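Engineer: Residue numbers (our numbering): 4 to 602.
Here you go:
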């Protein structure tokens, strides 16, 4: 990943991590606060409902108390006894209660009213008139067991033409009137209104069930079963003997927590997305500014690798990157000055070396010419009878050495006037095939050409000359191997380590470089190899190891110059089994610097 991408990624992480931590902490704090509030709500709802149950019981206890229905002076009991006294007839008083009782207790609005005498005869049953005159011991038993305390029971109540068994909160007591023992019981049906004090729509609701799970009082809203999933609070409703006859199931749902946490998560997600977007944009802007200067430094380094020492990196800031750019520009100035001095020094040294070697090469033929002319002169002075033979021999020597001088001058002229390359698309494999066809039967040459190689931008004629010079060098080397001589090749290979006496072999191969930006041309032989002391001077003009064998020392120098003009490289390597390997690298595109490789 490039530096710009890493900058952007780190900026995004720098924003995302705190938001994620804040979201987790917020969820935890909100959940804990909600749980606490939930528990407080449960406790408060339970306490409020218990108080409401107690209040309902207290109200019904008051309803049958001595100041209400249980009074012998007021309302039901009092009017009954007055009627009894007025008419002097129990049956007539009972009839009066049937006719007037409902009106008298209407203000208290009980749902159940029982009035029985000491013989358990029902004197009044306003909730179920059909019971009047019947025998029913329940009011007496209730009054005896409950001792005036409220209790719960299921009582048959007639609504219109349909009787219905309702859960009722009741109270009963015994009343003494005019020597008669009367029992009065009153009750109010338990309905959903009991839960109004705690009910909250969708959050808190309640119902009443009996021991078998039958719903006696349904909840106010649907979905109560789902609310019960949170462990309902059960409040017992005691019967006349104290044992529960039903239970209130109070449900407080915590569904709001899930919704709240979902909202917190969504808000955190939106904030995270917005923050990441903003930081990514900021990161891109910052990274672009920083990497722009770094990209310029990279371009400058590549220009330096290509030898473009005139290139300068713009200094746009006074920060560390700007300091590096300024230092780079100073380095390029120093390199330019050093290169100019080096070029001048190398040019002087090269021409000195060329002059020395050229003088040496010219001096060698001059010696036999001088000796031939001296011999001819002496023979002429002495009028030697074999003068004609000496003349023929001497002129032959002079002409031979003159031809050698002409060849030296021609090669030097060719090297000195080598034209600049004319670049165009070249198929290296095609060039190799054409060159090897010239050596069919003349040398054991094997080709190993990689398929699908791209064309390079090069001078076809000069690339062909490079290959021919290397092939000539290799052919001379394997000739020395077969002959057991010391050295071979136009200015290069030879002089060290002989072969195994086997046949010579030349292998020419092409391949794509490991960096993918170059084509490699490899010429390998199994000759005697290149002596270590000769490798440093192998490509110098007029350096040769084939003294006296026709070598001028310009073959590999020409190879080196052509490859350099193409922006490539040439190196010589030892072959583990013996011999030398010349690796030539040509860039696929001109102007493309060749950096490090594994060749």
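Where a beta carbon is used, it is the ideal one built from N, C-alpha and C, also for glycine. Note that the structure is a prediction, hence the values are computed from the model and not measured.
Report the partner residues of residue 577 according to the DSSP bridge assignment.
Structural biologist: Per DSSP, 583.
Engineer: Alpha carbons only, please: which of 333, 414 and 207 is nearest the one belonging to residue 43?
Structural biologist: The candidate whose alpha carbon is nearest that of residue 43 is 207.
Engineer: Thinking C-alpha only, which one of 291, 215, 202 and 346 is nearest residue 227?
Structural biologist: Among 291, 215, 202 and 346, the Cα nearest to that of residue 227 is on 202.
Engineer: Leaving out five residues before and five after residue 652 in sequence, what residues of the same chain have Cβ atoms less than 7 angstroms from its Cβ?
Structural biologist: Coverage of the chain is limited to positions 4 through 602, which leaves residue 652 absent and any answer about it impossible.
Engineer: What are the boundary residues of the alpha helix (DSSP H) that residue 547 is part of?
Structural biologist: Careful: residue 547 lies outside any alpha helix (DSSP H) and carries neither H nor E.
Engineer: Does the Cβ of residue 585 have 16 or more other Cβ atoms within 10 Å, making it buried, or fewer, making it exposed?
Structural biologist: It is buried - the Cβ of residue 585 has at least 16 other Cβ atoms within 10 Å.
Engineer: Would you be able to state if there are at least three C-beta pairs under 8 angstroms between the stretch 282 to 293 and the stretch 31 to 41?
Structural biologist: In short, these stretches do not touch, since the Cβ pair count stays below three.
Engineer: Indicate whether residue 248 and residue 155 have their beta-carbon atoms separated by less than 8 angstroms.
Structural biologist: Yes, the Cβ-Cβ distance between residue 248 and residue 155 is below 8 angstroms.
Engineer: With a floor of 3 residues, list each beta strand (DSSP E) that falls wholly inside the stretch 398 to 443, ordered by position along the chain.
Structural biologist: List check, beta strand (DSSP E) in window: 427 to 429.
Engineer: So for residue 131, helix, strand or coil by DSSP?
Structural biologist: Coil.
Engineer: Looking only at DSSP bridge pairs, what is residue 119 linked to?
Structural biologist: Answer is 125 and 186, bridged to residue 119.
Engineer: Can you give me the Cβ contacts of residue 209 inside the same chain, cut-off strictly under 6 angstroms, excluding the 5 residues immediately before and after it?
Structural biologist: These residues qualify, in order along the chain: 198, 251 and 253.
Engineer: For residue 314, does the three-state DSSP call read helix, strand or coil?
Structural biologist: If DSSP states are grouped into helix, strand and coil, residue 314 belongs with coil.
Engineer: Please state whether DSSP places residue 44 in a helix, a strand or coil.
Structural biologist: It is helical.
Engineer: Work out the CA separation of residue 430 and residue 528 for me, nearest whole Å.
Structural biologist: In a straight line, the C-alpha of residue 528 is about 23 angstroms away from that of residue 430.
Engineer: According to the neighbour-count rule (16 or more other Cβ atoms, all chains shown, within 10 Å of its Cβ), is residue 351 buried or exposed?
Structural biologist: Flag for residue 351 reads exposed.
Engineer: Helix, strand or coil: how does DSSP classify residue 192 here?
Structural biologist: The answer is strand: DSSP assigns residue 192 an E or B state.
Engineer: With burial defined as no fewer than 16 other Cβ atoms inside 10 Å of the residue's Cβ, what is the status of residue 592: buried or exposed?
Structural biologist: When all chains shown are included, residue 592 counts as exposed.
Engineer: Can you list, in chain order, the residues of its chain whose CB lies under 7 angstroms from that of residue 315, leaving out five sequence neighbours each side?
Structural biologist: Closer than 7 angstroms at the Cβ level, and outside the excluded window around residue 315, lie 332 and 335.
Engineer: How many whole angstroms separate the CB atoms of residue 143 and residue 119, which I take to be in contact at a CB cut-off of 8 angstroms?
Structural biologist: Their Cβ separation, rounded to whole angstroms, is 6 angstroms, which keeps residue 143 and residue 119 in contact under 8 angstroms.
Engineer: What is the DSSP secondary structure of residue 159, reduced to helix, strand or coil?
Structural biologist: The answer is strand: DSSP assigns residue 159 an E or B state.
Engineer: Out of curiosity, what's the CA-to-CA distance linking residue 173 and residue 37?
Structural biologist: Those two C-alpha atoms are separated by around 39 angstroms.
Engineer: Output the distance between the C-alpha atoms of residue 213 and residue 184, rounded to the nearest integer angstrom.
Structural biologist: Rounded to the nearest angstrom, the two C-alpha atoms are 34 angstroms apart.
Engineer: Using 10 angstroms around the beta-carbon of residue 390, count the other beta-carbons present and answer buried if the total reaches 16, otherwise exposed.
Structural biologist: Exposed, by the Cβ-count rule.
Engineer: Taking only three categories from DSSP, how would you classify residue 137?
Structural biologist: Reduced to three states, the DSSP call for residue 137 is coil.
Engineer: Give, in chain order, every unbroken run of the alpha helix (DSSP H) that is at least 4 residues long and sits entirely within the stretch 222 to 265.
Structural biologist: 227 to 230, all fully within the stretch 222 to 265.
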